[in-house]
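**Q** For the sequence shown, the numbering used here begins at 105 and goes up steadily by one.
Glycine included, each C-beta is placed from N, C-alpha and C at the ideal position.
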Amino acid sequence: MQRVRRCDAGATLNTSHRFAQALALDAADPLAGFAAEFHHPFDVNGRKLLYLCGHSLGLQPKSAAEYIEQELADWRRLGVLGHHVAARPWIEYHERAAAPLADLVNSHPSEVVAMNSLTVNLHLMMVSFFRPSGVRNRLLIERAAFPSDRYAVVSQLRFHGLDPDEHLIEIAPREGERTLRTEDVIAQIETQGSRLALALLPGVQYLTGQSLQLEPLIAAARAVGASVGVDLAHSIGNTPLRLHDWNADFAVWCSYKYLNAGPGAVGGCFVHERHAANSALPRFCGWWGHDKSARFLFEPDFKPISGAEGWQLSNPPILSTAPLLASLGIFQRAGMPALQRKSASLTGLLRSLIEEQMAKDIDIITPGAPAAFGAQLSLRIARPVAEAQRCQQRLAAAGVIGDWREPDILRLAPNPLYNSFSDVVAAAAALLQALRG
Ligand SMILES: Cc1ncc(COP(=O)(O)O)c(C=O)c1O
Numbered sequence: 105m106q107r108v109r110r111c112d113a114g115a116t117l118n119t120s121h122r123f124a125q126a127l128a129l130d131a132a133d134p135l136a137g138f139a140a141e142f143h144h145p146f147d148v149n150g151r152k153l154l155y156l157c158g159h160s161l162g163l164q165p166k167s168a169a170e171y172i173e174q175e176l177a178d179w180r181r182l183g184v185l186g187h188h189v190a191a192r193p194w195i196e197y198h199e200r201a202a203a204p205l206a207d208l209v210n211s212h213p214s215e216v217v218a219m220n221s222l223t224v225n226l227h228l229m230m231v232s233f234f235r236p237s238g239v240r241n242r243l244l245i246e247r248a249a250f251p252s253d254r255y256a257v258v259s260q261l262r263f264h265g266l267d268p269d270e271h272l273i274e275i276a277p278r279e280g281e282r283t284l285r286t287e288d289v290i291a292q293i294e295t296q297g298s299r300l301a302l303a304l305l306p307g308v309q310y311l312t313g314q315s316l317q318l319e320p321l322i323a324a325a326r327a328v329g330a331s332v333g334v335d336l337a338h339s340i341g342n343t344p345l346r347l348h349d350w351n352a353d354f355a356v357w358c359s360y361k362y363l364n365a366g367p368g369a370v371g372g373c374f375v376h377e378r379h380a381a382n383s384a385l386p387r388f389c390g391w392w393g394h395d396k397s398a399r400f401l402f403e404p405d406f407k408p409i410s411g412a413e414g415w416q417l418s419n420p421p422i423l424s425t426a427p428l429l430a431s432l433g434i435f436q437r438a439g440m441p442a443l444q445r446k447s448a449s450l451t452g453l454l455r456s457l458i459e460e461q462m463a464k465d466i467d468i469i470t471p472g473a474p475a476a477f478g479a480q481l482s483l484r485i486a487r488p489v490a491e492a493q494r495c496q497q498r499l500a501a502a503g504v505i506g507d508w509r510e511p512d513i514l515r516l517a518p519n520p521l522y523n524s525f526s527d528v529v530a531a532a533a534a535l536l537q538a539l540r541g
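(1) Would you say residue 355 touches ligand 1, meaning its beta carbon is less than 7 angstroms from a heavy atom?
(2) With residue 354 as the anchor, note down where its beta strand (DSSP E) starts and where it stops.
(3) Apart from the five residues just before and just after residue 436, which ones in its own chain have a Cβ nearer than 6 angstroms to its Cβ?
(4) According to the Cβ coordinates, are residue 353 and residue 304 closer than 8 angstroms?
(5) Could you tell me the alpha carbon to alpha carbon distance between residue 402 and residue 201, rounded to whole angstroms?
(6) Return the CA-CA distance between residue 381 and residue 413, expressed in angstroms with no decimal places.
(7) Can you round the beta-carbon distance between residue 450 and residue 520 to whole angstroms, since I take them to be within the 8 angstroms contact cut?
(8) Can you list the beta strand (DSSP E) stretches of 3 or more residues lying completely in the region 239-310, in chain order?
(9) If you measure between the beta carbons of residue 226 and residue 256, is that distance less than 8 angstroms?
(10) Roughly how far, in whole angstroms, is the beta-carbon of residue 385 from the beta-carbon of residue 355, given that I think they are within contact range, below 8 angstroms?
(11) For residue 373, is the beta carbon positioned less than 7 angstroms from some heavy atom of ligand 1?
(12) So, with DSSP's three-state summary, where would you put residue 372?
(13) Comparing alpha-carbon positions, which option in 392, 240, 154, 285 lies nearest residue 420?
(14) CB of residue 507 to nearest heavy atom of ligand 1: below 7 angstroms?
(15) Specify, as a first and last residue, the run of the beta strand (DSSP E) that residue 218 falls within.
(16) Checking 8 angstroms against the spacing of the C-beta atoms, do residue 171 and residue 533 come in under that value?
(17) Counting Cβ pairs, one atom from each stretch, are 3 or more of them under 8 angstroms apart for the region 225-243 and the region 445-459?
(18) The alpha helix (DSSP H) that contains residue 186, what's its start and end?
(19) Judging by CA-CA distance, which residue of 176, 143, 175 is the nearest neighbour of residue 161?
(20) Does the distance between the C-beta of residue 421 and the nearest non-hydrogen atom of ligand 1 fall short of 7 angstroms?
(21) With respect to 7 angstroms, is the separation between the Cβ of residue 253 and the closest non-hydrogen atom of ligand 1 below this value?
(22) So does the region 212-221 actually touch the region 458-476, counting three or more Cβ pairs closer than 8 angstroms?
(23) Between the C-alpha atoms of residue 207 and residue 377, what's the straight-line distance to the nearest angstrom?
(24) Check whether the Cβ atoms of residue 282 and residue 422 lie closer than 8 angstroms to each other.
(25) Tell me, please, whether the region 190-197 touches the region 317-326 by the rule of three or more beta-carbon pairs shorter than 8 angstroms.
(26) Would you say residue 337 touches ligand 1, meaning its beta carbon is less than 7 angstroms from a heavy atom?
(27) Could you tell me which whole alpha helix (DSSP H) segments of length 4 or greater appear in the region 145-217?
(28) Taking only the alpha-carbon atoms, compute the straight-line gap between residue 163 and residue 366 and give it to the nearest angstrom.
(29) Considering only DSSP beta bridges, list what residue 481 is partnered with.
(30) Would the beta-carbon of residue 515 fall within 8 angstroms of that of residue 507?
(31) Any idea what DSSP makes of residue 143, helix, strand or coil?
(32) For ligand 1, any of its heavy atoms closer than 7 angstroms to the Cβ of residue 119?
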């Protein structure tokens, strides 16, 4: 019962049958043991917090410290020799992430690489895949794209001497709606037709939690001859992805959200295998992308490694890649299909509790159709913004950690690796209490 009691509000509300059901679900949950593999935050009074904020920063795997300590020890013990004889030799350290990342996005290992951070990778990908020429000189994104993506695409347009007012095409939900319709995005792609150079799509929209139907969107963009990239910041480790089969040209992601690899963790990149050996593709180059067999011959001419690794610039930061390997080890043991099943149940439970008990006060923005959402629910509290913010503060004071995104969205994301069904019931009870004031 300890996990249930830790959230004060839960004990004060008449939700005992829900707690009983949740405890039964927890008892039958094959993934329940993974929660003990993470450090759960505590408040200043030593009370364990109920963490529903993995869409922003995932919790720390306990194994992260061992992975980092291993590298510190090898560096201490071996100095430069660690590049070749460390327990996990540093020369090929990042390669250990390739197979588990490929499992998460369903690609070949050679199509993915752990490197840099999301926005850096987005720029590197646009160097290769946003190549405006003649009338094909437009770039399509969603109007509510994460600001860093917008800054990146606007700066790329300007870099090519193009005016964003004319060449940036922004798609938005219909008047009075809050999420994108697949048919509207496809219609816009088709309208742009031969003028479209690149479509940049989100996997899961960061504000609304909507999981986009990537397969038909990617197909539509490719059908008009455009390149397609996907921002998977809120998707990787969260929703089902089949990047290779879907034929995206590229994808980029960060690893600090659902991948639990720590603040500012090393991000990643997917490049479809049809581009693997295309050395004519323009790219920005660095020595870590150069032919591995010749890297230490220090030759003047760049010959890219075939595959996503050929886009690397620098030798990988070992200490910050270590927690990524630790976390990916957990994903390998848990398996995405089981995680996704539990995630849908956890988030579905949160939705049904809100709908049952708080329908008058809370508007759920995240779509509820199967496959249209991941772990996150985006909620709008039907009160003036200042009062809605006070509700969020009361929720935080009760020990439930979600986050607030301007202008008026509360985001909560039960995580199948470290949250339980009891957590969800306790969070819903705390939310109800926070609404009551
Ligand atoms: C959807 C999305 N895109 C891009 C970014 C920027 O990521 P980074 O700071 O790692 O470049 C974020 C960060 O949260 C994000 O949520």
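**A** The answer reads as follows:
(1) Checking the Cβ of residue 355 against ligand 1 gives no.
(2) It spans 354-357 - the beta strand (DSSP E) in which residue 354 sits, taken as one unbroken run.
(3) Excluding positions up to five away in sequence, the list reads 204.
(4) At the C-beta level, residue 353 and residue 304 stay beyond 8 angstroms of one another.
(5) Per the coordinates, the alpha-carbon of residue 402 lies some 26 angstroms from the alpha-carbon of residue 201.
(6) Roughly 11 angstroms between the two C-alpha positions.
(7) The C-beta separation of residue 450 from residue 520 comes to about 6 angstroms, placing the pair in contact by the 8 angstroms criterion.
(8) Fully enclosed beta strand (DSSP E) runs of 3 or longer: 242-246, 272-275, 300-306.
(9) Yes.
(10) Rounded, the Cβ-Cβ distance is 16 angstroms, inconsistent with contact.
(11) Residue 373 has its CB no nearer than 7 angstroms to any heavy atom of ligand 1.
(12) Strand at residue 372.
(13) Comparing Cα-Cα distances from residue 420 to each of 392, 240, 154, 285, the minimum goes to 392.
(14) Because no heavy atom of ligand 1 lies under 7 angstroms away, the Cβ of residue 507 does not count as near it: no.
(15) From DSSP, the beta strand (DSSP E) with residue 218 extends over 216-218.
(16) Cβ distance not < 8 angstroms, so residue 171 and residue 533 don't count as in contact.
(17) Cβ pair count under 8 angstroms is below three, so no.
(18) From DSSP, the alpha helix (DSSP H) with residue 186 extends over 186-189.
(19) Checking every option, the nearest Cα to that of residue 161 belongs to 143.
(20) Flag unset: Cβ of residue 421 not near ligand 1.
(21) Yes, ligand 1 has a heavy atom inside 7 angstroms of this Cβ.
(22) No: fewer than three Cβ pairs fall under 8 angstroms.
(23) Roughly 15 angstroms between the two C-alpha positions.
(24) No, the pair does not count as a contact, with Cβ atoms beyond the cut-off.
(25) No, the region 190-197 does not touch the region 317-326.
(26) Because some heavy atom of ligand 1 lies under 7 angstroms away, the Cβ of residue 337 counts as near it: yes.
(27) Complete alpha helix (DSSP H) runs here, min 4: 167-182, 186-189, 202-209.
(28) Approximately 8 angstroms between the Cα atoms of the pair.
(29) Residue 481 pairs with 516.
(30) Yes, these two residues count as a Cβ contact at 8 angstroms.
(31) Note: residue 143 maps to strand in three-state DSSP.
(32) It does not: the Cβ of residue 119 is nowhere closer than 7 angstroms to a heavy atom of ligand 1.
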